[in-house]
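First up is the structure itself, then whatever we jot down about it.
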Amino acid sequence: MTLYGWTGKTLEADLTTGRLTGVRTDKYVPKYIGGRGVAARIAWEQTPVSIDAFDPGNVLIFMTGPLTGTLAPTSGGRMTVTGVAPQAYPKPHYTRSSIGGHFGAELKYAGYDGIVVRGAAQQPVYLSVVDGEAELLDAGQLWGLDTFAAQTTLIEKHGRGVQVACIGPAGENLVRIAVIQSGLENAAAQGGFGAVMGAKRLKAITVKGTGRVGIAYPERFRQACREAQRLARAAREWRPRPGTSRKACTATCTVKGCGDSYILYRNVLGRLRPDPYTGVVQCASPMFLRLQPWQAGFEAAQLANAYGINHWEILLGLTGAGRWLDQCVEKGLITEAEMGMPLQPKNGEFWSRLLRKIAYREGIGNVFAEGLPRAADLLGRGKEFLPHVAHGFETHWDGHFFGAPCYPYWLVSALEWALDSRDPLCHGYAQEITWWWDRFRGPLSIEKIKKAAARVYGSEASVDPESGYAYKAQPAVWQQHRLVVKDSVPICDQIFPLIFSHDAEDGYGDTGAEAKLFSAATGVEMTEAELDKAGERVFNLERAIMVREGRTRRDDETVIPYFKRPDYEGIPLDEDKFRTLLDELYELRGWDKTTGWPTREKLEELDLKDVADELEKSGRLP
Amino acid sequence: MTVLSTRPVPPAKLRLKFDAETCWWCRCCELVCSLTHEGVCSPSLARIHIDLDQFKAEVNADLCWQCGKPLCLYACPVPGAMTIDEATGARLIVAGKCTGCGACAKACPFNKEGTVIRFNAEKGIYVKCDLCGGKPACVETCPVNAIQTVALKGA
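Keeping their order, the protein sequence lines are chains A and B.
Per the working numbering, the first sequence starts with residue 1, numbered consecutively.
Per the working numbering, the second sequence starts with residue 1001, numbered consecutively.
Shown next, in the form of structure tokens:
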């Protein structure tokens, strides 16, 4: 059978033995969709239970989806990276991180849907894949290079058009907030998977290919792309600042002016290095430009990329909206002596120096390199100011550290946070309401938002500002499944699903766009509901991985103390009402509400009988 | 290389124009081109090539200039394998007649990297930009209008 969308092949690399094997992975699709879903199945089958992130046995999975490398708007370069994450807290656990850019597409043109890495090399190596041919090459000369130097060196060696995913000094030094970097500003950042590559002594992966992604119905697919491109618009188009230009953050992105994103600056002179920087700030990293002077802030942003350190953890954790360090400085909990430099958190150069300390684990950097929750444990100070919600991950669209979303919308964020293994991308619900609503300068009235939301979630109460704790579990479930779909087909999690639109009478976009693109590309006809059902299957499989690691309802409830802090308008979580909401969430999911474990009935409904059997064997089936 | 003919041919009525500053690096043009013409998504089969160097923040496009004196067409040794499109004046490779000899690809002065006139290994023929009959898919898809059609003088 001809396979469209997927290549059907995955490369397995065992770094301990040096063995490279191409394996068929078509058996996993369409059941697990691709990307995050296929990765979860591979992890379920291959990752040893409760293994440490830095153990050679940890399985690091890079997985694209059927739309990667196609024209589907925003899908182009996307893929998901999964494994046992060193950033996870209180102990490492399985989670995921997605990355855009161009690497994922090139991997498919080189003939593979994904790469599964296990074992650890004796000496630094990098993995080269050219048109289906893979080899492990010596990375002795690359070890120690920053992510920009490593990439340009490898592009010089392998030729224009090669795409590189690599780590910088932070990953090499097992910094728990180290990223896997590709290009100027794309990273698989959350989870600290850069440090997993470091532990495996895998400096980089290079891919280059002249192949293709087959499309089942080219005409229909083109039309689906055209329609998605027309509808996929930002709520508000942000204008680039003077002297800068805006670029697409990933291949085939057609959405102009989405957030404060992917802004290119040329030749900015910093303070620490003599050569000017050409680089990009996007997503959270424009916050670096608020530091003084902005050029030094820009330098800090670029050094974070170069060292391979997670912007989100730095900006939302250590500084900026997080204000953790600011508050520790104000309260005298951290001294200049232990920082080893003047305490100037508003100063760009201060952050550049601190980033260097973290990347090389020098002085206090050795403590911050553990990630902020572990750092607070080590210091024995500052826990009360931590902007970390749960599971080792810091604030993200929860209404408590950078303003929006307002109450009651962060209740859905809290529910998503409760069940996730990392920060859930609350974009689909909380962010979209905030950005589209005219109360926050968006284009839509609350009446239109209610109408569109009723079509998607089944009730206007899902978004009614007066609805309080009513009807919040339903949108949480819908978004959790759709986020799996987005990470699996894959498609941008900022812009999709297209719940709202500028043009429609009732404000509704087209939440069926993903299914239309998927079906036309792969030839596997799936409705929106069927694709979401596959999303539910993956969500339950990931839950099974967590349950196998020891997760229970008690771990889900670790979000409660954070949300009990007053939000930015002074409203705290009502703990009792939230526990009732959690009950409702487990019931909707068909999970046991005492343990938080999926039931056999639910797992079998999702065609996961073997998963139920294994959980039963280990005594973790309710 | 033997130039078999230099007979005057009608000028193209339009050609593609690329603006590097406006280009926003999404590479949709390559994929819509291969999708439209070959039914697959593959930059290697696209008749336009985006050469992106992120680290220098430089981008260039290799594309057909629809030359007034088309050396590709002059070099083609197979009668009828290269023609002029009546509607647009685009220089065309005729799929049914091309033998895959590669004379056109060698003759094109803009094809040093083999990215303007490409070899489709599966079909054993060369392919090049045909201006999509006057409404190029790349122009339609480019979200920032970095690729446009320009009318050519004398057409």
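Just so you know, even glycine gets a beta-carbon here, dropped at the ideal spot from N, CA and C.
Apart from sequence neighbours up to five positions away, the residues of its chain that approach A/Y429 with a beta-carbon distance below 6 Å are V412, P475, Q479, ordered along the chain. Distances from the alpha-carbon of A/S50 to those of A/P92, A/T68, A/G76, A/Q87 put A/P92 closest. Shown here, B/T1036 sits in a helix according to DSSP, grouped into three states. For B/L1052, the CB contacts under 7 Å within the same chain, skipping 5 residues up- and downstream, are W1025, V1059 in chain order. Closer than 9 Å at the C-beta level to chain B, one finds these residues of the segment 141–153 of chain A: F148, Q151, T152. With a 10 Å radius around the Cβ and a threshold of 16 neighbouring Cβ atoms, A/E185 comes out buried. A/L581 has a beta carbon lying at 8 Å or more from every beta carbon in chain B. Linking A/P443 to A/V281 through their CA atoms gives a straight-line distance of about 26 Å. When rounded, the separation of the alpha-carbon atoms in A/T522 and B/E1122 is 21 Å. For the pair A/A404 and A/F563, the Cα-to-Cα distance works out to about 14 Å.
By the 16-neighbour rule on beta-carbons within 10 angstroms, A/L483 is buried. Three or more Cβ pairs closer than 8 Å define a contact, and the segment 222–242 of chain A falls short of that threshold against the segment 1068–1077 of chain B. Membership of A/I205 in the beta strand (DSSP E) is indicated by the continuous run 202–208. Residue environment analysis places A/E330 among the exposed positions, since fewer than 16 neighbouring C-beta atoms fall within 10 angstroms of its C-beta.
According to the DSSP secondary-structure assignment, A/V281 is paired through a beta bridge with A/I263.
The bridge partners DSSP lists for A/A134 are A/V129. When Cβ-Cβ separations below 8 Å define contact, A/G69 makes contact with chain B. Beta-bridge partners of B/T1149 (DSSP): B/L1016. Membership of A/K9 in the beta strand (DSSP E) is indicated by the continuous run 9–14.
Closest option to A/Y360, judged by alpha-carbon separation, among A/P345, A/A306, A/E313: A/A306.
The beta carbon of B/L1063 sits no closer than 8 Å to any beta carbon of chain A. If you compare the alpha carbons of B/L1152, B/G1133, B/V1150 with that of B/C1033, the shortest gap goes to B/G1133. Non-local beta-carbon contacts of B/F1119 in its own chain, meaning distances under 6 Å to residues more than five positions away in sequence, involve Y1126 in chain order.
By the rule that beta-carbons nearer than 8 Å mark a contact, B/G1039 touches chain A. Chain-ordered listing is empty here: chain B has no CB closer than 8 Å to the CB of A/R441, the nearest sitting near 24 Å. By the neighbour-count criterion, in which a residue is buried when 16 or more other Cβ atoms sit within 10 angstroms of its Cβ, A/P242 is exposed.
Taking 8 Å as the cut-off, the Cβ atoms of A/L415 and A/A452 do not count as close. If you ignore the 5 residues before and after A/Q292, its C-beta comes within less than 7 Å of the C-beta of K346, N347, G348, all in its own chain and listed in chain order. Nearest CB-CB separation between A/P218 and chain B: below the 8 Å threshold. Below 8 Å, enough C-beta pairs join the segment 109–116 of chain A and the segment 201–219 of chain A to call them touching: three or more. In terms of CA proximity to A/G140, A/A150 leads the group A/F350, A/A150, A/T552, A/H311. Take A/T2, set aside five residues on each side of it, and the residues of its chain with a beta-carbon closer than 7 Å to its own are G214, in chain order. A straight-line Cα-Cα distance of about 25 Å links A/P424 and A/A105.
In the three-state DSSP reduction, A/D275 falls in the coil class, being neither helix nor strand. Taken in chain order, the whole alpha helix (DSSP H) runs of length 4 or more contained in the segment 144–214 of chain A are 147–158, 169–172, 193–199.
Under a 10 Å Cβ-count criterion, A/D555 is classified as buried, with 16 or more other Cβ atoms of the shown protein chains found around its own Cβ.
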